[in-house]
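S.K.:
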Amino acid sequence: MLVTTREMLLDAQENHYAVGAFNVESLEFVMAVIKAAEEQNSPVIMQTTPSTVKYAGLDYFVGLVYAAAENADVPVALHLDHGSDFDLCMNAMHAGYTSVMIDGSHDTFEDNIRKTEAVARVGASIGIPVEAELGKVGGKEDDGPDAGQGNPFTDPDEAEEFVRHTGCTSLAVGVGTAHGVYHGTPHIEQDILKAIRERVDVPLVLHGTSGVPDDQVAEAIRNGVCKVNYATELRQVYMKGFMDYMGKNPDVFDPKKPAVDGMANICAIVKSHMDNLGSTGRA
Ligand SMILES: [Zn+2]
1 MLVTTREMLL
11 DAQENHYAVG
21 AFNVESLEFV
31 MAVIKAAEEQ
41 NSPVIMQTTP
51 STVKYAGLDY
61 FVGLVYAAAE
71 NADVPVALHL
81 DHGSDFDLCM
91 NAMHAGYTSV
101 MIDGSHDTFE
111 DNIRKTEAVA
121 RVGASIGIPV
131 EAELGKVGGK
141 EDDGPDAGQG
151 NPFTDPDEAE
161 EFVRHTGCTS
171 LAVGVGTAHG
181 VYHGTPHIEQ
191 DILKAIRERV
201 DVPLVLHGTS
211 GVPDDQVAEA
221 IRNGVCKVNY
231 ATELRQVYMK
241 GFMDYMGKNP
251 DVFDPKKPAV
261 DGMANICAIV
271 KSHMDNLGST
281 GRA
């Protein structure tokens, strides 16, 4: 069934687990992620970045995820990841997305507040939850701007002020994670996370989680994280399954054949994340 992320994340917050938000790139990703969610009896968020939206358009993803949700017994939300501006967020809500993110983290604190408040006001009026970001997740999200230099961590006092002024319903925080592929082991600043949690009521969101050790993620959930994003890993394991198959069967020209191995890899990794997030059995 299709739901918004609001009730999903509030249940996660109340019961101390997190819902995985998995970036989907194509029909195959949607099929693999919904299969994992059903097998684990877990709520699930499927999300798309602006570059994925640019590739195929909002309507295709609405069609794919609605079809998946309609036939599934688990709660499914469709979320716009890293919405770059007001118009894209409005287009996504209008197209049928049940959750959006407005990412003003590359702007000044004041501009981020203004940008987020505008989207959150529309979201509140039509019942669509709005995630915002304060502080910086390192690395480079998709074809978005590089996080660049400077202190990337979310300031707990600013977080309190930000949530109060904007009305965002969840908050992505900068606590040491980065988008893309890690070189070396990442380290989540759990103390900063705890300090933010003490000042902010809304569910907290962890970005850039591909490659973060499971025990660190589990600790972050104990410290208030309710939504955990995975993108890079899904792309990596899908392509590995696909390419390995083609390496062994270079004459195959039916694209469905290597896709089966790619989907099996996504399904396995999503199921394992659901177990670690504690969302297994929570549907
Ligand atoms: Zn992100």
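Numbering (full-length UniProt numbering), first residue to last: 1 to 283. Just so it is clear, CB atoms sit at the ideal spot from N, CA and C, and this is done for glycine as well.
1. For the stretch 191 to 200 against the stretch 255 to 268, are there 3 or more C-beta pairs whose distance is under 8 Å?
2. Among all the DSSP beta bridges, which residues are the ones paired with Leu178?
3. If you draw a straight line from the C-alpha of Arg6 to the C-alpha of Val202, how long is it?
4. Please list the terminal residues of the continuous beta strand (DSSP E) segment that includes Val76.
5. So, residue 290 versus His79, is the Cβ gap smaller than 9 Å?
6. With a 10 Å radius around its C-beta and 16 neighbouring C-beta atoms as the bar for buried, classify Asp103 as buried or exposed.
7. Comparing C-alpha positions only, which one of Ser210, Ala36, His179 sits nearest to Asn265?
8. Based on Cα-Cα distance, which residue from Leu134, Phe86, His106 lies nearest to Lys115?
9. So within the stretch 18 to 63, which uninterrupted alpha helix (DSSP H) runs reach at least 4 residues, ignoring any that extend past its ends?
10. Run through the stretch 227 to 269 for me and flag every whole alpha helix (DSSP H) of 4 or more residues, listed as ranges in chain order.
11. Is the distance from the Cβ of Pro152 to the Cβ of Gly176 below 9 Å?
12. Under the three-state reduction of DSSP, which class applies to Ala132: helix, strand or coil?
13. In chain order, what residues of the same chain lie with their CB nearer than 6 Å to the CB of Gln40, ignoring the 5 residues before and after it?
14. Would you mind stating whether Leu134 and Val173 have Cβ atoms separated by less than 9 Å?
15. Kindly confirm or deny that the stretch 247 to 254 and the stretch 221 to 228 touch, where touching means at least three C-beta pairs closer than 8 Å.
16. Would you give the residue range spanned by the alpha helix (DSSP H) that Ile102 belongs to?
17. Select from Met1, Ser105, Val119, Ile113 the residue whose C-alpha is nearest the C-alpha of residue 328.
18. At a threshold of 8 Å, does His187 count as lining ligand 1 (C-beta to nearest heavy atom)?
19. Kindly identify the DSSP beta-bridge partner or partners of Val225.
20. Cα separation between Leu9 and Val44?
21. Going by C-alpha distance, which of Asn276, Asp111, Glu117 is nearest Cys89?
22. Can you list, in chain order, the residues of its chain whose CB lies under 7 Å from that of Asp215, leaving out five sequence neighbours each side?
23. Looking at Glu137 and ligand 1, is the gap between the Cβ and the nearest heavy atom below 8 Å?
24. Using three-state DSSP, classify Val212 as helix, strand or coil.
25. Taking its Cβ as the centre, do 16 or more other Cβ atoms sit within 10 Å of Arg282, making it buried, or is it exposed?
26. Please determine, among Glu219, Gly127, Tyr238, the residue with the shortest C-alpha to C-alpha distance to Gly278.
27. How is the alpha helix (DSSP H) around Ser105 delimited, first residue to last?
28. Could you check which residue in Ala72, Gly211, Ile269 has the C-alpha nearest to that of Gly241?
M.R.: Let me spell this out:
1. Here the stretch 191 to 200 makes no contact with the stretch 255 to 268; the two share fewer than three CB pairs at distances below 8 Å.
2. Note on identity: in this sequence residue 178 is Ala, with Leu being the wrong assignment. In DSSP, Ala178 forms a bridge with Gly138.
3. 10 Å
4. In the DSSP assignment, Val76 falls within the unbroken beta strand (DSSP E) covering 76 to 83.
5. What is shown of the chain runs 1 to 283, which leaves residue 290 out entirely.
6. buried
7. Ala36
8. Phe86
9. 27 to 40, 50 to 56
10. 232 to 248
11. yes
12. strand
13. Lys271, Met274, Thr280
14. Yes. Within cutoff.
15. no
16. No alpha helix (DSSP H) contains Ile102, which is instead part of the beta strand (DSSP E) from 99 to 102.
17. Given a span of 1 to 283 for the chain in the structure shown, any question on residue 328 remains unanswerable.
18. no
19. Paired residues: Leu204.
20. 10 Å
21. Glu117
22. none
23. Just to set this straight, residue 137 is Val in the shown sequence, not Glu. Checking the Cβ of Val137 against ligand 1 gives yes.
24. In this structure, DSSP gives Val212 a state outside helix and strand, which the three-state scheme calls coil.
25. buried
26. Among Glu219, Gly127, Tyr238, the Cα nearest to that of Gly278 is on Glu219.
27. That residue, Ser105, is in no alpha helix (DSSP H); it is neither H nor E in DSSP.
28. Ile269
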